[in-house]
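Worksheet: the structure to be examined is printed underneath.
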Amino acid sequence: MKEAFAVEKSGMPQLNTEFWISQIFWLTLTFGLLYGVLSKLILPKINTNLEKRKSKILENIEAAEKQKEDSEAKLLVYNEIISKSKLDSKTILNQAREKALKDINIKKELLESQIDEEIKIVEKEIENLIESAPEKINIIASEISFQLIQKLTGTEVNNSSVSAIVDDLSRRGRDKYYGN
Amino acid sequence: MAANPMTQFEVYRIGPEIKLGTFDISFTNASLFMVISSMAILIIFFFGSKKNSLLPNKVQLLAELSYTFVSKMINDTAGSKAKPYFSLIFSLFMFVLFCNMFGMIPYAFTVTSHIIVTFVLAAFIFIGVTIIGFIKHGVGYLKLFVPSGVPIILLPLIIVIEIISYLSRPISLSVRLFANMMAGHTMMKVFGGFVISLGIVGGWLPLSFSVALTGLEILVAFLQAYVFAILTCIYLNDALNLHH
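Going line by line, the protein sequences match chains A and B. In case it helps, our numbering puts the first sequence at residues 631 to 810. In case it helps, our numbering puts the second sequence at residues 973 to 1216.
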């Protein structure tokens, strides 16, 4: 027995039974204590900590999602307002443009009619002048010729015959000037 | 004899001899490291659960990550029925992990390198799982040894094999952990001894080996704790969800 013990001692200390009971005792004690404290105090606490964090994170995610939805709805409203106001501004612009065009047209027409009238008046005056001019010229010409003939010849000349000659000449001249 | 790589596993008494009846329950270096490991776990998880801030600090993060890690492991292997045993598996995992990790400190004692310790844990798991199985399913738990879809002729053989494999569970569970820890620490000690004996000229090779082994052993320390816990979950799964 003693010999076998000595062999064991020089071989594997694990097979030395001297402290087996002590090891079992201390193992039971320390492991039992460890298990007791862990299972009764520490692990439930960690579990609740984890659960709390999980629920808190879930809550936060929910809140974040709600806010996201809110902001999306607000964005929708905002976009609607923007597009509506764009449309409004377009119609206002169009209206203004139309009105301006109308005004311009009216004024243009007015101006054109005024111009036409004035042109007509002026044309009439010109026509009058053209019509009355030969007669006056004829009178002047016949008078000048009458005077000239009187001075040159020193004799009385029949007034009507002079004017007839001048008329005839001036008609020919007019035909030459006016080209008809 | 420091050169002997097995001396690191020797258990010796610290303080006076304590007797409980005829049993010697003296406080030893093994007991010391059990206490240190348990205290370390309790301290870390106490500070990790004390405050509940939305943004956890490092200790809290560590505690919560461990919690979710073990919780997920149990849920994946044993289902939701294993929830009442979470604390036990968590304690087991942490205890084995911390004992393994404290063993990695030079001159420290590795509690899990002793077969008696791992065997007591494994036997405790085995007995507990068996009791749970019989409570949940009554005599029907014996159907565990009768796999479905096996030809009648093979059944006697299969039943014998199943019973043997079931009964060897505590042994395989305990020996796996104990042997891994012992082998790793022995190897490290041997290479450490080579460093000394080869001296400044040739010692560099075993030294680099020793460094690499330390990393490997830290991995093994974690892996064995994980394997220990996950096998417990698998045994528990057999007892809770009988579908053989």
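Using N, Cα and C, we set each Cβ at its ideal position, and we do this for glycine too. Computed from a predicted structure; not experimentally measured.
Setting aside the 5 residues that flank it on each side, residue 999 of chain B is surrounded in the same chain by 986 and 987, each with a C-beta closer than 6 Å to its C-beta; the list follows chain order. The beta carbon of residue 1178 of chain B is closer than 6 Å to those of 1163, 1166 and 1167 in its chain, skipping five residues each way along the sequence.
Listed in chain order, the non-local C-beta contacts of residue 787 of chain A below 8 Å within the same chain comprise 776, 779 and 780, local neighbours out to five positions each way being set aside.
Residue contact check for residue 1215 of chain B against chain A: no CB pair falls below 8 Å. Contact between residue 1063 of chain B and residue 657 of chain A does not hold, since their C-beta atoms are separated by about 12 Å, which reaches or exceeds 8 Å. Residue 1026 of chain B has a beta carbon lying within less than 8 Å of a beta carbon in chain A. By the criterion of at least three beta-carbon pairs nearer than 8 Å, the segment 1046-1056 of chain B is not in contact with the segment 1125-1135 of chain B.
Excluding five sequence positions before and after residue 1158 of chain B, the CB atoms of its chain that fall closer than 6 Å to its own CB belong to 977, given in chain order. Residue state for residue 720 of chain A is assigned as helix, using DSSP reduced to three classes. Flagged as an interface residue toward chain A: residue 996 of chain B, by a C-beta distance shorter than 8 Å. Counting C-beta pairs closer than 8 Å gives three or more between the segment 1086-1102 of chain B and the segment 640-657 of chain A, which meets the contact rule. For residue 1039 of chain B, the C-beta contacts it makes with chain A under 8 Å involve 673, 676, 677 and 680, in order along the chain. Against chain A, a Cβ distance below 9 Å from residue 1000 of chain B picks out 649, 652, 653 and 656. By the rule that beta-carbons nearer than 8 Å mark a contact, residue 708 of chain A does not touch chain B. In the DSSP assignment, residue 1081 of chain B falls outside any alpha helix (DSSP H), carrying neither H nor E. In the structure shown, residue 776 of chain A falls within a helical segment according to DSSP collapsed to helix, strand and coil. For the segment 1002-1014 of chain B, residues whose beta-carbon sits nearer than 7 Å to a beta-carbon of chain A comprise 1002, 1003, 1006, 1007, 1010, 1013 and 1014. With a threshold of 8 Å between beta carbons, residue 1122 of chain B makes no contact with chain A.
By the Cβ test, the segment 1001-1008 of chain B is not in contact with the segment 1172-1188 of chain B, since fewer than three Cβ pairs between them sit closer than 8 Å. Linking residue 706 of chain A to residue 719 of chain A through their CA atoms gives a straight-line distance of about 20 Å. Cβ contact annotation for residue 1017 of chain B (same chain, cutoff 7 Å, sequence separation greater than five): 1035, in chain order. Per the Cβ contact rule, the segment 690-709 of chain A is not in contact with the segment 1133-1145 of chain B (fewer than 3 Cβ pairs under 8 Å). Around the beta-carbon of residue 1211 of chain B, 16 or more other beta-carbon atoms lie within 10 Å, marking it buried. Cβ contact annotation for residue 990 of chain B (same chain, cutoff 8 Å, sequence separation greater than five): 996, 997, 998 and 999, in chain order. Close CB contacts of residue 771 of chain A within its chain, under the 7 Å cut and outside five residues either way in sequence, are with 796 and 800 (chain order). When DSSP states are grouped into helix, strand and coil, residue 995 of chain B belongs to the strand group. Taken through DSSP and simplified to helix, strand or coil, residue 1000 of chain B comes out as strand. Contact of residue 717 of chain A with chain B by beta-carbon distance below 8 Å is absent, the smallest such distance being about 48 Å. Listed along chain A are 653 and 657, each with a C-beta nearer than 7 Å to that of residue 1089 of chain B. Against chain B, a Cβ distance below 7 Å from residue 721 of chain A picks out nothing, because the smallest value is about 54 Å. Of all alpha-carbon atoms in A:733, A:758, A:793 and A:664, the one lying nearest the alpha-carbon of residue 1070 of chain B is that of A:664. Residues of chain B whose Cβ lies closer than 7 Å to the Cβ of residue 663 of chain A are, in chain order, 1010. Here the alpha carbons of residue 1088 of chain B and residue 1144 of chain B stand approximately 13 Å from one another.
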